[in-house]
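Below is one structure, written out as structure tokens, with a few remarks after it.
Chains as they are written, first to last, in our numbering: chain A, 36 to 271; chain B, 8 to 297.
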């Protein structure tokens, strides 16, 4: 479904991704982890068109999306929920969600989408007319994901959804994420919380120094140990 | 009593004109995070367009053609300026500064261009309405009444537009978080263009109303721009409510200072006031979202 081939990208004079490749098959839940500053966020920003590719290609459903504007990429159903997102601080929960359905393709379905979001995250319904900035960290994360769902994603990319959240909140979020995936949305989940990824995802990838360096099938003990060993710097 | 009334009327007239100019500056700042120093020059060009497309030859009935032509042409000129001077810089690390310099340059260019093309002679646009009415011994021009009424109506319309329409909804979203707006598929650069269109249109309206009450000269934008700058800083950059409130306060100070202290001291009085205001309330009357 999503094919990233040898992508190079960066900011100014600094190249962050040095030829990263990854394939996300239809219906898969793929987890991506790795140390800080090695390009996880940049990879998502490149896929969603915020950062231009300097080499390599990104294809979605057989169509080349590298070089398109974020808006064109969103309209193809590739949705990126950014890291530590405060969304629109002065807007109410309902307004933020409605903005998620802004494009013409999704605006017509906004009522059904809204119901779906409230089913997944009932807490948001209780906060419907509250301003986004007054929400707790976990609720904000739910709101960001909710706004992403309002854009009717076929591929949903979440960047560090567990960042700064209490373990209890992470559990609740994990449940929601699994439900979204079960409803048929392909997912690319980036997080440093490997435990959470193990709970949510199928295959896991390690992104290190701008390259996807290791791949493991979740549940395969040997692979998993090798992956974690590499990440935490111990020899398993 | 009569003096107070005439000061009040002068305050409302200037306050309304400042509000129109400053609302455009504030809208651009709130949405793009840049300051458009060409707003004053746009106002002046707007007045000249209305003058040459109808006002000059046909007088008051010429405004029927001159006014809408001035508004539309200036809205489009605003879009052109956006593409030439703003869009190349927005988002770059020093973008804010580059836009200030680029729009200042455009402002100088337009002012001197106007001097060259139209000459430095004072022109007068016909007022929208002629004649005057008298309120307890004070004579008030109908044009002044028009200015006092039109500005708030237009600004209320703008506020309603931002609050209740889908485009207005998107403008507010882009102002609060540009990156999220991009990632939700909101056409951010089209919104920027639209904001420049509206801001220039407001400037042109102010210029045409001003030209009907006072004079049209190549440098007419400079003074109004200075007052509008004080207004947006005092009102809280990016906040429309704060800007409009500040416009009338600055209008009142200008009118009172013109009468009691003298015309030439007014800029000094205004800046003294701004210094104090910034010390007491650094974020302005109404703090914006950023």
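Cβ coordinates follow ideal geometry from the N, Cα and C atoms, glycine included.
So, residue i versus residue j, is the Cβ gap smaller than 9 angstroms?
i: residue 209 of chain A; j: residue 189 of chain A; result: no
i: residue 158 of chain B; j: residue 33 of chain B; result: no
i: residue 79 of chain B; j: residue 132 of chain B; result: no
i: residue 228 of chain B; j: residue 49 of chain B; result: yes
i: residue 223 of chain B; j: residue 129 of chain B; result: yes
i: residue 178 of chain B; j: residue 29 of chain B; result: no
i: residue 103 of chain B; j: residue 35 of chain B; result: no
i: residue 105 of chain A; j: residue 194 of chain A; result: no
i: residue 92 of chain A; j: residue 152 of chain A; result: no
i: residue 243 of chain A; j: residue 115 of chain A; result: no
i: residue 235 of chain A; j: residue 66 of chain A; result: yes
i: residue 20 of chain B; j: residue 186 of chain B; result: no
i: residue 67 of chain B; j: residue 137 of chain B; result: yes
i: residue 237 of chain B; j: residue 257 of chain B; result: yes
i: residue 187 of chain A; j: residue 224 of chain A; result: no
i: residue 85 of chain B; j: residue 241 of chain B; result: no
i: residue 204 of chain A; j: residue 132 of chain A; result: no
i: residue 255 of chain B; j: residue 18 of chain B; result: yes
Taking residue i as the reference, which of the options has the closest Cα?
i: residue 182 of chain B; options: A:59, A:126 and A:233; result: A:126
i: residue 267 of chain A; options: A:68, A:46, A:38 and A:47; result: A:68
i: residue 72 of chain B; options: B:196, B:89, B:53 and B:85; result: B:53
i: residue 113 of chain B; options: B:44, B:156 and B:245; result: B:44
i: residue 200 of chain B; options: B:59, B:83 and B:238; result: B:83
i: residue 213 of chain B; options: B:150, B:240 and B:248; result: B:150
i: residue 173 of chain B; options: A:80, A:240 and A:139; result: A:139
i: residue 109 of chain B; options: B:100, B:47 and B:91; result: B:91
i: residue 100 of chain B; options: A:46, A:77, A:36 and A:227; result: A:46
i: residue 10 of chain B; options: B:135, B:257, B:98 and B:264; result: B:264
i: residue 76 of chain B; options: B:89, B:62 and B:198; result: B:62
i: residue 161 of chain A; options: A:178, A:110, A:240 and A:148; result: A:178
i: residue 192 of chain B; options: A:112, A:264, A:99 and A:41; result: A:112
i: residue 135 of chain B; options: B:143, B:153, B:208 and B:127; result: B:153
i: residue 248 of chain B; options: B:267, B:293 and B:51; result: B:293
i: residue 209 of chain B; options: B:27, B:98 and B:14; result: B:27
i: residue 172 of chain A; options: A:79, A:137, A:70 and A:198; result: A:198
i: residue 142 of chain B; options: B:268, B:225 and B:15; result: B:15
i: residue 218 of chain A; options: A:122, A:85 and A:155; result: A:155
i: residue 129 of chain A; options: A:202, A:250, A:227 and A:149; result: A:149
i: residue 75 of chain A; options: A:174, A:58 and A:51; result: A:51
i: residue 260 of chain B; options: B:245, B:246 and B:281; result: B:281
i: residue 78 of chain A; options: A:94, A:48 and A:55; result: A:55
Hey, could you find the ends of the beta strand (DSSP E) residue i is sitting in?
i: residue 103 of chain B; result: Element bounds for residue 103 of chain B: not the beta strand (DSSP E) but the alpha helix (DSSP H), 102–125.
i: residue 234 of chain A; result: Note, residue 234 of chain A: premise wrong, no beta strand (DSSP E); alpha helix (DSSP H) at 229–235.
i: residue 256 of chain B; result: Looking at the DSSP string, residue 256 of chain B is not in any beta strand (DSSP E); the run it does join, the alpha helix (DSSP H), is 247–267.
i: residue 44 of chain A; result: 37–46
i: residue 51 of chain A; result: 49–59
i: residue 88 of chain A; result: Careful: residue 88 of chain A lies outside any beta strand (DSSP E) and carries neither H nor E.
i: residue 66 of chain A; result: 64–68
i: residue 121 of chain A; result: Unbroken run through residue 121 of chain A: none, as it is neither H nor E.
i: residue 292 of chain A; result: In this structure chain A extends from 36 to 271, so residue 292 of chain A is not present and cannot be described.
Which residues of chain B have a Cβ atom closer than 8 angstroms to the Cβ of residue i, listed in chain order?
i: residue 109 of chain A; result: 190, 191 and 192
i: residue 117 of chain A; result: 186, 187 and 190
i: residue 37 of chain A; result: Within chain B, no residue comes near residue 37 of chain A; the closest Cβ sits about 16 angstroms away, beyond 8 angstroms.
Kindly indicate the opening and closing residues of the alpha helix (DSSP H) around residue i.
i: residue 108 of chain A; result: 105–110
i: residue 163 of chain A; result: Element bounds for residue 163 of chain A: n/a, residue is neither H nor E.
i: residue 210 of chain B; result: 195–220
i: residue 232 of chain B; result: 227–242
i: residue 22 of chain B; result: 9–39
i: residue 141 of chain A; result: 139–142
i: residue 240 of chain A; result: No alpha helix (DSSP H) holds residue 240 of chain A; the beta strand (DSSP E) holding it covers 239–243.
i: residue 212 of chain A; result: 202–217
i: residue 221 of chain A; result: No alpha helix (DSSP H) holds residue 221 of chain A; the beta strand (DSSP E) holding it covers 221–225.
What residues from chain A crowd round residue i, counting only those whose CB sits closer than 9 angstroms?
i: residue 184 of chain B; result: 120, 121, 122, 123 and 124
Residue i versus chain B: which residues are under 7 angstroms apart at the beta carbon?
i: residue 137 of chain A; result: 177, 191, 192 and 193
i: residue 106 of chain A; result: 192 and 194
i: residue 186 of chain A; result: 191 and 192
i: residue 83 of chain A; result: 190
i: residue 182 of chain A; result: 191
Along chain A, which residues have their Cβ under 7 angstroms away from the Cβ of residue i?
i: residue 33 of chain B; result: Correct list: empty, because the minimum Cβ distance to chain A is about 15 angstroms.
i: residue 99 of chain B; result: Simply none; closest approach about 10 angstroms.
What residues of chain B sit near residue i, judged by a beta carbon separation below 9 angstroms?
i: residue 78 of chain A; result: Under the 9 angstroms cutoff, chain B gives no residues; its nearest Cβ is about 15 angstroms from residue 78 of chain A.
Listed from N- to C-terminal order along the chain, which residues in the region 189–200 of chain A have their beta-carbon within a distance smaller than 7 angstroms of any beta-carbon of chain B? none
If contact means a Cβ-Cβ distance below 9 angstroms, which residues of the region 150–181 of chain B contact chain A? 173, 176, 177, 179 and 180
If you measure beta-carbon to beta-carbon, which residues of the region 129–160 of chain A are closer than 7 angstroms to chain B? 134, 135, 137 and 138
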